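Enquirer: Right, I'll just put the structure down here and ask away after.
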Amino acid sequence: MSGVDLGMPSFPDAARQAVRDAQLRHNLGNATNTIRNKRAAVVGELDDWEQLRASGAAIKAHTLSNLDSYLEQFESAVTAAGGTVHWARDAAEANRIVTELVRETGETEAVKVKSMATQEIGLNEALASAGISAWETDLAELIVQLDEDRPSHILVPAIHRNRSEIREIFRREMAGSGTPAPADLTDDPVQLAEAARHHLRDKFLRARVAISGANFAVAETGGLVVVESEGNGRMCLTMPEHLISVVGIEKVVPSWRDLEVFLQLLPRSSTGERMNPYTSVLSGVTAGDGPSDFHVVLLDNGRSEALADEIGSQALRCIRCSACLNVCPVYERTGGHAYGSVYPGPIGAVLTPQLYGVESEDTASLPYASTLCGACYDVCPVAIEIPELLVHLRNRTVRERKGWFDRLTRTAMRAMGWVFGDSGRLARAQRVASLGGRLFGRRGIGRLPWPLSRWTDARDAPTPPAESFRQWWERTRTNDEDGR
Amino acid sequence: MNRASRDGRRAVLDSVRAALAGGERTSAESIPREYRRQRPVESPAELFRERVADYRAEVRAADSAGAPEAVLRALEHAAAGRVVLPEGLPATWAEPLAERYETFDDRPPLPTATLEGVDAVVTTCTVAIASTGTIVLDHGPGQGRRALTLLPDTHVCLVPASRIVDDVPAALAALDPGRPMTFVSGPSATSDIELERVEGVHGPRDLHVVVVDDA
Numbered sequence: 001m002s003g004v005d006l007g008m009p010s011f012p013d014a015a016r017q018a019v020r021d022a023q024l025r026h027n028l029g030n031a032t033n034t035i036r037n038k039r040a041a042v043v044g045e046l047d048d049w050e051q052l053r054a055s056g057a058a059i060k061a062h063t064l065s066n067l068d069s070y071l072e073q074f075e076s077a078v079t080a081a082g083g084t085v086h087w088a089r090d091a092a093e094a095n096r097i098v099t100e101l102v103r104e105t106g107e108t109e110a111v112k113v114k115s116m117a118t119q120e121i122g123l124n125e126a127l128a129s130a131g132i133s134a135w136e137t138d139l140a141e142l143i144v145q146l147d148e149d150r151p152s153h154i155l156v157p158a159i160h161r162n163r164s165e166i167r168e169i170f171r172r173e174m175a176g177s178g179t180p181a182p183a184d185l186t187d188d189p190v191q192l193a194e195a196a197r198h199h200l201r202d203k204f205l206r207a208r209v210a211i212s213g214a215n216f217a218v219a220e221t222g223g224l225v226v227v228e229s230e231g232n233g234r235m236c237l238t239m240p241e242h243l244i245s246v247v248g249i250e251k252v253v254p255s256w257r258d259l260e261v262f263l264q265l266l267p268r269s270s271t272g273e274r275m276n277p278y279t280s281v282l283s284g285v286t287a288g289d290g291p292s293d294f295h296v297v298l299l300d301n302g303r304s305e306a307l308a309d310e311i312g313s314q315a316l317r318c319i320r321c322s323a324c325l326n327v328c329p330v331y332e333r334t335g336g337h338a339y340g341s342v343y344p345g346p347i348g349a350v351l352t353p354q355l356y357g358v359e360s361e362d363t364a365s366l367p368y369a370s371t372l373c374g375a376c377y378d379v380c381p382v383a384i385e386i387p388e389l390l391v392h393l394r395n396r397t398v399r400e401r402k403g404w405f406d407r408l409t410r411t412a413m414r415a416m417g418w419v420f421g422d423s424g425r426l427a428r429a430q431r432v433a434s435l436g437g438r439l440f441g442r443r444g445i446g447r448l449p450w451p452l453s454r455w456t457d458a459r460d461a462p463t464p465p466a467e468s469f470r471q472w473w474e475r476t477r478t479n480d481e482d483g484r
Numbered sequence: 001m002n003r004a005s006r007d008g009r010r011a012v013l014d015s016v017r018a019a020l021a022g023g024e025r026t027s028a029e030s031i032p033r034e035y036r037r038q039r040p041v042e043s044p045a046e047l048f049r050e051r052v053a054d055y056r057a058e059v060r061a062a063d064s065a066g067a068p069e070a071v072l073r074a075l076e077h078a079a080a081g082r083v084v085l086p087e088g089l090p091a092t093w094a095e096p097l098a099e100r101y102e103t104f105d106d107r108p109p110l111p112t113a114t115l116e117g118v119d120a121v122v123t124t125c126t127v128a129i130a131s132t133g134t135i136v137l138d139h140g141p142g143q144g145r146r147a148l149t150l151l152p153d154t155h156v157c158l159v160p161a162s163r164i165v166d167d168v169p170a171a172l173a174a175l176d177p178g179r180p181m182t183f184v185s186g187p188s189a190t191s192d193i194e195l196e197r198v199e200g201v202h203g204p205r206d207l208h209v210v211v212v213d214d215a
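Protein sequences appear in the order of chains A and B. Using full-length UniProt numbering, the letters of the first sequence correspond one by one to residues 1 to 484. Using full-length UniProt numbering, the letters of the second sequence correspond one by one to residues 1 to 215.
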């Protein structure tokens, strides 16, 4: 899959908008700071965290290096447990398979538990165009869906909305898709959660079809593991007769025992809890308990191509904990929307260009959305070397988008070469620059004309010093009687 | 399998194999496992009680004889009236409840509408994890099918102290991976609104845990 238009402005443009939004920055600053502190506290409780992390990284790396055989093993185990496995090369194929499976049930609505994979393929939109309503049931996802907004965080998709905004969305939109919000709804989070509970309860009890993703797929047992907090995941996995799970092929882990590592790493990295409120494990169908019809759609959608990149493939280890978002100075200031993809933050900046290719300016700009400070690597529970990957992808962007980059550098380098080629010209250029320094004072320089605008579009250029080294040398030498 | 899905399967696997061609395939034996398989915990039952309480669950301790009374107190606290009892719940726990409450058996399975009108469920668990404060149900005897611990607002769980293990590795080793499983750590909760924790979104609002000293 390549050259996909993500339908969003590229990162530099979107980020410029986002950093001007004071409310957004306030919401994000509070949220990321809170999660960061909680995470640090519960990670600090485990004196073997680094060993768990090394194991997590190694299990994932091992699985990826044998992915074909683990996928086949997973398929056999699911089939033996009474489920059906489908394979999808890309988003369109996955959407077609799910739509067909829902159609076969004769239903026109489905409840959904939040899933990155289904967001990635735009499943809700595909189902809507086939006349099927897919209701998001995670509270934050519901807020985003009702508002026809986009999620801005992997774990807390409505992190950019405060309570009064949420109250307005509920009052305005709930009636349009079922049980309306109470007329006297306040912005108290308890009341807001209660309104969501009432709105969705009716859907859970009525729905005959549920759609989920999975956090882990165990090759040895065919088990799917869904980690969540609210109980909406349990509702979807338990109440309807038909369950369809869309699972990226990188979600496979070899054995049941491997979960002992990931069930320690994930909740602590993600929500900063020792364990999340609910984890469900489901292996095929169980007579008299839960769905009687179970389908898994294994999704490639660019993953096998990313797998071929020796350095880039480590991004496929990601367990979607979102710890890297919460420590990223760039994410904290721009929010998730600026990344223009369902995978925001540092991991999005390395995953999105690999899944979608770097042909479009949107994806090509993402590896530059970082300060390379390395905080993302420090917190990653599976030790993905995100800074190394960002640099690698910047190189790839430059290589694959040669024409674009060449035009830019040729102009800039020719100008630089001309200036540096002659000491007189260099001296004059520096005098102009230091004059600029005096003129701009301490305010810094905003936007420079093209081609230097390629630099100042995304960052402030430092104000040149009021005096260049050459000028200083001349001044101090003249004042020195020995001429030294 | 129809033709389209056969094609999809072959294409995905071929593409994965092409990506892996020439690369090194590591063996599962080479995975380092130097983390703790066991944690030194002086009293798992005590740590478990402490960690469950951190989730704002109600925790009670009782000896075998006092367990039925502790369950009654938990149900009173939750102001429950109608209680569902899963198949296989020991009679010593079930009988005192039947005297005091309107109880429902789930055999044959209760219709969803009936279950929705029930206030509380009383179950036991397969294993419990001290360091995380988690109870694990594999929905065997005394635990009920999954809907029983999902729809009623109050869940009272009797945890025999002998089933409390130190940490996650010991818990997974004690479970049968083929069974459906629910790991429960406190009542259902959301932090989606300004990261303020709110209990009882879609699952039970109250979790009461009774640790039964069965030594």
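Every residue gets a Cβ at the ideal spot worked out from N, C-alpha and C, and that includes glycine. It should be emphasised that the depicted structure is a prediction, and the values quoted were computed from it without experimental measurement.
1. Which residue from A/Y331, A/S76, A/S304 puts its Cα closest to that of A/H26?
2. Does DSSP classify A/I59 as helix, strand or coil?
3. For A/L192, which residues of its own chain have a beta-carbon under 6 Å away from its beta-carbon, when the five flanking residues on both sides are left out?
4. List, in chain order, every chain A residue whose beta-carbon is nearer than 7 Å to that of B/S43.
5. Using three-state DSSP, classify A/Y278 as helix, strand or coil.
6. Would you mind working out which of A/S283, A/L316, A/P381 sits nearest A/L355, comparing C-alpha positions?
7. For the alpha helix (DSSP H) holding A/I211, just list the boundary residues, first then last.
8. Can you tell me whether B/M181 is helix, strand or coil according to DSSP?
9. CB A/V42 to CB A/R274, shorter than 8 Å?
10. In or out: A/W135 buried (at least 16 other Cβ within 10 Å) or exposed?
11. Rounded to a whole number of angstroms, what is the C-alpha to C-alpha distance between A/A183 and A/M174?
12. Indicate the three-state DSSP secondary structure (helix, strand or coil) for A/H86 in the structure shown.
13. Closer than 8 Å, CB to CB, is A/G223 near chain B or not?
14. By DSSP's criteria, A/V379 is part of a beta bridge. Which residues make up the other side?
15. Could you check the C-alpha separation between A/N124 and A/S212 for me, to the nearest Å?
16. Closer than 8 Å by C-beta to B/E102: which residues in its own chain qualify, once you throw out the five before and the five after it? Chain order, please.
17. Spatial neighbours of B/G117 within its chain, please: CB distance less than 8 Å, with the 5 preceding and 5 following residues excluded, ordered by chain position.
18. Roughly how far, in whole angstroms, is the beta-carbon of A/C318 from the beta-carbon of A/V382, given that I think they are within contact range, below 8 Å?
19. Using DSSP's beta-bridge definition, name the partner residues of B/A4.
20. Distance, Cα to Cα, A/V4 vs A/V350?
21. What distance in whole Å lies between the Cβ atoms of B/V71 and B/V122, which are believed to be in contact at a cut-off of 8 Å?
22. Taking 8 Å as the cut-off, does the region 48 to 59 of chain A touch the region 17 to 32 of chain B (at least 3 CB pairs, one atom from each stretch)?
23. Name the chain A residues that come within less than 9 Å of B/R163, Cβ to Cβ?
24. Classify A/D202: buried if its beta carbon has 16 or more other beta carbons within 10 angstroms, exposed otherwise.
25. Provide the residue span of the alpha helix (DSSP H) that contains A/R16, from first to last.
26. Would B/G133 and B/S185 be called neighbours here (beta carbons separated by less than 8 Å)?
27. Whole angstroms is fine: what's the gap from A/N301's alpha carbon to A/E310's?
28. Is any beta-carbon of chain A found at less than 8 Å from that of B/R3?
29. Relative to chain B, which residues along the region 265 to 282 of chain A have a C-beta separation below 9 Å, given in chain order?
30. Report the CB separation of A/V78 from A/G222 in whole angstroms; it is logged as a contact under 8 Å.
31. Count the other CB atoms within 10 Å of the CB of B/V165; is the residue buried (16 or more) or exposed (fewer)?
32. Do you know offhand how far B/D214's Cα is from A/A81's?
Expert: In this structure, then:
1. Taking only the C-alpha atoms, the option nearest A/H26 is A/Y331.
2. helix
3. I166
4. By Cβ distance, chain A contributes nothing, its closest Cβ being about 17 Å from B/S43, past 7 Å.
5. strand
6. A/L316
7. Segment 209 to 212 is the beta strand (DSSP E) holding A/I211; no alpha helix (DSSP H) there.
8. strand
9. yes
10. buried
11. 11 Å
12. strand
13. Closer than 8 Å: yes.
14. Under DSSP, A/V379 shares a beta bridge with no residue.
15. 12 Å
16. G81, R82, V83
17. R82
18. About 7 Å separates the two Cβ atoms, so the contact holds.
19. Per DSSP, B/A4 has no beta bridge partner at all.
20. Residue placement at A/V4 is poorly supported in this model, since its pLDDT is 43, which falls under 50; the coordinates still yield a value, given next. Taking the CA atoms as reference points, A/V4 sits about 16 Å from A/V350.
21. 6 Å
22. yes
23. By Cβ distance, chain A contributes nothing, its closest Cβ being about 17 Å from B/R163, past 9 Å.
24. Its Cβ having fewer than 16 others within 10 Å, A/D202 is exposed.
25. 11 to 19
26. yes
27. In this model, A/N301 and A/E310 are separated by some 18 Å (Cα to Cα).
28. no
29. P267, T271, E273, R274, M275, N276, P277, Y278, T279, S280, V281, L282
30. 4 Å
31. buried
32. 36 Å
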